[in-house]
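In our numbering, the protein residues as written are 1026 to 1107.
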């Protein structure tokens, strides 16, 4: 979820606004959190989710979260340092 926030911030810095951002993740928890706008209060991740949606609202961005299999996720290995 922190990677999603970083991505949203990078897109805003690049001038994106009033558009749809498609987030693909092999983490079902992240996809559900972004879709249902809820996350457990553990580890402060709900506050990260709130920040994402405040940023999106301020810049008229819409998030669409889609699950992808780890096997076809090109970001999986780099995210693990492989």
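Where a beta carbon is used, it is the ideal one built from N, C-alpha and C, also for glycine.
Fill in: Paired residues, beta bridge with residue 1095 - DSSP
Residue 1095 is not bridged to any residue.
Worksheet entry | Closest by C-alpha distance to residue 1040, when choosing among 1069, 1053, 1061 and 1083 | 1083
Worksheet item: Roughly how many angstroms separate the alpha carbons of residue 1059 and residue 1073, rounded to a whole number?
Response: 11 Å
Worksheet item: Measuring CB to CB, does residue 1089 end up less than 8 Å from residue 1045?
Response: yes
Worksheet entry | Cross-strand partners of residue 1089 (DSSP beta bridge) | 1047
Worksheet item: From residue 1069 to residue 1054, what distance separates their C-alpha atoms?
Response: 15 Å
Discussion item. Counting C-beta neighbours from all protein chains within 10 Å, is the total for residue 1062 16 or more, i.e. buried, or is it exposed?
Written reply: exposed
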